[in-house]
Amino acid sequence: MPDLADSTFALDFLISVKNGIRNYGFAITETTDPELRRVMAKQLERAIDLHGEISDLMIKNKWIHPYHFEDQFPIDLKGVETAVQIAQMTLFPNDTDRRGMFATPNE
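All residue numbers for the sequence shown refer to the numbering used here, where the first residue is 4 and numbers rise by one.
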């Protein structure tokens, strides 16, 4: 289970960094200040480097297989099966009537 949690956190981090890269690219095209563009371009480069580091970590730990579909497919299938199992869990009681559980103000 810890390995599943680690891979999930790493994938979430990877997706967040990828989203940041997209946002930096968008912001750079929208700004007119040269100094601000330089700062954002530097941040964009750092974010791209971070994306590479996270990807390398995930590949090294065999959490993703970007170049081998036959190895990646079972991992993706397991993720889908886990999501379906979580969706089928009874997280709330069937009876959600809460009458009588709280003090009723005087009328």
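Glycine included, C-beta positions come from ideal geometry on N, C-alpha and C.
Just the C-alpha distance for residue i and residue j, rounded to the nearest angstrom, thanks.
| i | j | result |
| --- | --- | --- |
| Ala-30 | Arg-41 | 12 Å |
| Val-83 | Pro-69 | 18 Å |
| Gly-23 | Ala-50 | 7 Å |
| Lys-81 | Leu-7 | 10 Å |
| Ala-94 | Leu-17 | Contrary to the premise, residue 94 reads as Leu rather than Ala in this sequence. Taking the straight line from one Cα to the other gives about 29 Å. |
| Ile-89 | His-54 | 29 Å |
| Asp-79 | Gln-46 | 31 Å |
| Lys-63 | Ala-86 | 25 Å |
Below 8 Å on the Cβ atoms is my guess for residue i versus residue j; work out the distance and round it to an integer in Å.
| i | j | result |
| --- | --- | --- |
| Met-43 | Thr-35 | With 8 Å as the limit, Met-43 and Thr-35 do not qualify as a contact, their Cβ atoms being about 12 Å apart. |
Out of the options, which has the shortest C-alpha to C-alpha gap to residue i?
| i | options | result |
| --- | --- | --- |
| Asp-9 | Val-87, Ile-57, Ala-90, Glu-48 | Ile-57 |
| Gln-75 | Met-61, Ala-86, Val-87 | Met-61 |
| Ala-13 | Thr-32, Gly-28, Lys-65, Phe-72 | Lys-65 |
| Arg-25 | Glu-48, Pro-37, Glu-38 | Glu-48 |
| Val-20 | Thr-11, Asp-52, Leu-39, Pro-37 | Asp-52 |
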